[in-house]
Amino acid sequence: MAEANNQAVVLQPLTRKQDNGSLLYRPDELVDELKSLLQRPREQLAASKRDITSAALVYVIRNLRPNRDESWYMDLWSELVSRVGGQALKQSSGLPTQQQRDVREAVCDWLRDVIFSADDRADVLEAFFGLTILRKSIDAVRHIKKRNSIERSEANFETDDGVPRDWLDTVNLRNVGHAMPRAEAAAQVAAVLARLTERERQAVEAVYVEGLAQKSSNPDVVTAATKLGVSPRAVGKLLAKARKRASGDEEEA
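Residue numbers (the working numbering): 947 to 1199.
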């Protein structure tokens, strides 16, 4: 009898397509779980929320939303947010406490936006919940690490004109004894930057403007080398050539 009732339950279809053009689909075990869950009273769902898989929670929250706030629904939503937040914190465990919270908040805000949107973006959460949250958490951690890298590099910049401080010093070394005003030095550096090759400019912008390291032993860190698609050694050579132009030791190409 229960099996017959399960077969009578019709689930909302997934409509989002994968990269190969085929539709996303729910794993068979999720389909069976949902058909069983949807026959229970709503309050009973909340009482057994810890036994419900996260993908099933996503379906219920998306498709059984009441017209007004009800305790059973809010309990299920809080359970899902707690799980996602916990996974985000796990991925950010090497960061300072406040930044771990920033990662958790970013991922949970994304979850809220996706689930309560009118489109089919949340389909991927039903098809690949764990992998999707993992990737989103890693993206949030990378964003925080990139922000940290930029903040650490700010001391190397002249914040009012955006010109690297050591490049301004290079210009002033050519005028020993009568250092020119910073604005004038910045103008000269800007002129030098305009003469760089495209690849040299890209290297300078990656390292001095975006604050990316030339290389890193951490594969999750975006470096100047990975952004330019070259080796760290090649980035160093590009920067060396650019500095030679700034010092006047190399003729314009």
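All C-beta atoms, glycine included, are put in the ideal place defined by N, C-alpha and C.
Bounding residues of the alpha helix (DSSP H) (the contiguous stretch that carries residue i)
i: Gly1031; result: Ser1017 to Gln1037
i: Glu975; result: Asp974 to Leu983
i: Thr1043; result: Thr1043 to Ile1061
i: Asp1069; result: Asp1069 to Ala1073
i: Asn1009; result: Ser1000 to Asn1009
i: Glu1144; result: Glu1144 to Val1150
i: Leu957; result: Note, Leu957: premise wrong, no alpha helix (DSSP H); not H, not E.
i: Lys1173; result: Ala1170 to Leu1174
i: Ala992; result: Arg988 to Ala993
6 angstroms CB neighbourhood of residue i in its chain, flanking five on each side removed
i: Arg988; result: Trp1018
i: Val1181; result: Ala1149, Gln1160, Ala1170 and Ala1171
i: Arg1050; result: Gly1031, Ala1034 and Leu1035
i: Asn966; result: none
i: Glu1197; result: With a pLDDT of only 49 at Glu1197, under the threshold of 50, the placement of this residue in the model should not be trusted; the figure read from the coordinates follows. Closer than 6 angstroms at Cβ, skipping near neighbours: no residue.
Of the listed residues the options, nearest to residue i (C-alpha basis)
i: Arg1058; options: Ser1039, Leu1026 and Arg1047; result: Leu1026
i: Asn1164; options: Gly1040, Asn966 and Asp1065; result: Gly1040
i: Gln1046; options: Gln990, Glu979, His1089 and Asp965; result: His1089
i: Gln1044; options: Ala1159, Lys1082, Ala1140 and Lys1091; result: Lys1091
i: Leu1071; options: Arg1050, Ala993, Gln964 and Arg996; result: Gln964
i: Ala1052; options: Val1030, Ala1073 and Pro1042; result: Val1030
i: Ala1186; options: Gln985, Gln958, Val1153 and Pro1042; result: Val1153
i: Ser1162; options: Pro1178, Val977, Asn1094 and Leu1174; result: Pro1178
i: Ser1028; options: Glu1016, Asn1013 and Thr999; result: Thr999
i: Gln958; options: Leu1174, Ala1086, Asp1066 and Thr1143; result: Asp1066
i: Ala1064; options: Leu1142, Leu1077, Arg1011 and Gly1076; result: Arg1011
i: Leu970; options: Pro1042, Ala1086, Phe1075 and Ile1079; result: Phe1075
i: Asn1094; options: Cys1054, Pro1042, Ile1079 and Thr1143; result: Pro1042
i: Thr1143; options: Gln990, Asp1055, Leu991 and Lys1190; result: Lys1190
For residue i, the three-state DSSP class (helix, strand or coil)
i: Leu970; result: coil
i: Lys1161; result: coil
i: Lys1187; result: helix
i: Ser1083; result: helix
i: Ala1180; result: helix
i: Ala1064; result: coil
i: Gly1203; result: Because the chain spans 947 through 1199 in this model, residue 1203 falls outside it and cannot be assessed.
i: Val1167; result: coil
i: Asp965; result: coil
i: Arg1014; result: coil
7 angstroms CB neighbourhood of residue i in its chain, flanking five on each side removed
i: Leu1184; result: Arg1145, Glu1146 and Ala1149
i: Arg972; result: Leu960, Glu1072 and Ala1073
i: Lys995; result: Asp1021, Leu1022 and Glu1025
i: Leu984; result: Val955
Cβ shell of residue i (< 8 angstroms), same chain only, five flanking positions each side left out
i: Ala1068; result: Val1004, Arg1008, Val1060 and Ile1061
i: Val1168; result: Arg1088, Lys1092 and Leu1158
Distance cut-off 7 angstroms: residue i Cβ against heavy atoms of the ligand GDP
i: Ser1039; result: Inclusion of the ligand GDP in the displayed structure is not the case, the ligand content being empty and no account of it being possible.
Sufficient close CB pairs (3 or more, under 8 angstroms) joining the stretch 994-1014 to the stretch 1034-1049: no
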